[in-house]
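This report concerns only the one structure given below.
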Amino acid sequence: MFIGGFIHIVCLKKDRSAQNKLKMFLIWALTSAGAIGLEKFYANVFYPELYAKFLGWNPNVAWQFEVSIINFIIATLGILSIWLHDLFWVASVITLTIRDWGIAIGHYLELILHYDVASGNVGLAVYIEIFHPIIAIALLIAYYNVKKFPRKV
């Protein structure tokens, strides 16, 4: 997410304003969320048993298909965020936050109630689900603040 944003900003030939820099990072944050959503969609639809085992959960194609649709929504919002901005970003960040923090709470409950220590339940992915929305929210707030009160950074 950050590497893509930095490369994009370095390659910019024109507008390097604070607003445009934040815009690039926000696009990359939402696009990376879309890529993660697409990966989770694919895993739940095409490899449900393997993905459930990775999470330490019992495979159940019914719940996994429903979850995959939510992940496909995130993927679609993330990819469309490249072209659709402003209020669309607000909706995308809200949707990402609800999904990721809800999933993180579910993983935490699985750890506490069922001592599920599978790498997919307590590994790096859980930290991404916690911090990715925080980063997206911070970028969105900063973007709107700079947009409202423009200044050079």
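Numbered per the numbering used here, the sequence shown finishes at 187, counting up by one with no gaps. By construction, the Cβ of each residue, glycine as well, lies at the ideal position given by its N, Cα and C atoms.
- A contact between stretches requires three or more CB pairs, one per stretch, nearer than 8 angstroms, and the segment 126-145 fails this requirement with the segment 80-88.
- Secondary structure of D134 (DSSP, three-state): helix.
- Burial state of H148 is exposed, judged by a 10 Å Cβ sphere holding fewer than 16 other Cβ atoms.
- Contact check for Q53 and V180: beta-carbon distance about 5 angstroms, within the 8 angstroms limit, so the pair qualifies.
- DSSP, read as helix, strand or coil, puts H119 in coil.
- Straight-line measurement puts the Cα of L56 at about 10 angstroms from the Cα of R50.
- The alpha-carbon separation between L145 and H42 amounts to approximately 39 angstroms.
- Of the candidates F183, L60, K48, I37, the residue whose Cα lies closest to the Cα of L121 is L60.
- Residue burial annotation: K48 is exposed, with fewer than 16 other C-beta atoms found within 10 angstroms of its C-beta.
- For W97, the enclosing alpha helix (DSSP H) has its first and last residue at 95-114.
- For L72, same chain residues with a beta-carbon under 7 angstroms away, outside a window of 5 residues either side, are A109 in chain order.
- In the same chain as N78, and ignoring 5 residues on each side of it, the C-beta atoms closer than 8 angstroms to its own belong to Y85, Q98, F99, V101, S102, N105, in chain order.
- In its chain, beyond the 5 residues on either side, M35, G39, H166, I169, A170, L173 have a beta carbon closer than 8 angstroms to the beta carbon of A63.
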